[in-house]
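For the sequence shown, our numbering assigns the number 70 to the initial residue and increments by one for each residue that follows.
By construction, the Cβ of each residue, glycine as well, lies at the ideal position given by its N, Cα and C atoms.
Nothing here was measured: the structure is a model prediction, and the numbers come from that model.
Notes follow the structure.
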Amino acid sequence: MLSSSKKKFGGILDWAIKPLKRTGISPNQLTLLSLLLAAGYFYAMLSGKYIAALFLVILSIASDALDGHLARETKRAGPYGAYLDTIADRYVEFIIFLSFLFLPLPTLVLAPEIWIALCVFGSLMTTYSKAAYSEKTGKSFSGGLLERPERTLALIAGIILINLNPIYLLYIIILLAFLTNLSAIHRIYKALGLCTQR
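In structure tokens form, the structure reads like this:
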């Protein structure tokens, strides 16, 4: 969904990487910075400093969004950086979900740990269903009901709302538990359909 609108945000990304170019920071360093910021977010969440955690996770996600664009603009794009970026993406997302396990979330039908586990499983399967198709066929496909940008925005919204009441974060986690797994099923169905057309 949001992934299909990347061109619309190109101007914003161009503006954002101008100061980064002057610092001389490399795209891979920016990727690693996103991991360090995510670790800082995790510590802030465990310390109950939710405003600081929100600030750090936004910086982490922004670093992740800018590294690829910086690589392309500085002619340093390549498989090494692309692979590192993909791995870092998974770690950052997992750190966010992991932090929720330490929050005072209430039980709603299922224990919050179960809902979080379902979110993690759905997110992994959404990613892997596409990766498995690419690995087996050498081809790729795009699209999905809920891709990483949408998941990220939902998680940020949840971190904002936890300052009001933890139940709001739980609502978002439950919604993601359903939508991520539906998105995975949708991708699996699409991949199987493409396989039959070969």
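L135 versus L179 - alpha carbon distance: 37 Å
Per-residue DSSP class, three states only, for L215: coil
Three-state secondary structure (DSSP) of L174: coil
Sufficient close CB pairs (3 or more, under 8 Å) joining the region 194-202 to the region 248-258: yes
Pairwise C-alpha distance: L99 and N250: 30 Å
Whether C188 touches I242 by CB criterion (8 Å): yes
R220 classed as buried or exposed, judged by whether at least 16 other C-beta atoms fall within 10 angstroms: buried
Inter-residue CB distance, W223 and L239 (contact presumed, cutoff 8 Å): Checking the sequence shown, residue 223 turns out to be Ala, not Trp. With 8 Å as the limit, A223 and L239 do not qualify as a contact, their Cβ atoms being about 13 Å apart.
Nearest neighbour of I130, chosen from T206, F171, R145, F163 [CA to CA]: F163
Anticipated Cβ contact below 8 Å, I185 with F171, distance rounded: About 11 Å separates the two Cβ atoms, so there is no contact after all.
N-terminal and C-terminal residue of the alpha helix (DSSP H) that G150 is part of: 148-169
Exposure label - E204; buried when at least 16 CB within 10 Å: exposed
Burial state of A226 (16 or more Cβ within 10 Å): exposed
R159 classed as buried or exposed, judged by whether at least 16 other C-beta atoms fall within 10 angstroms: exposed
Test item: CB-CB of Y149 and N232 under 8 Å: no
One or two residues paired with L179 in a DSSP bridge: L177
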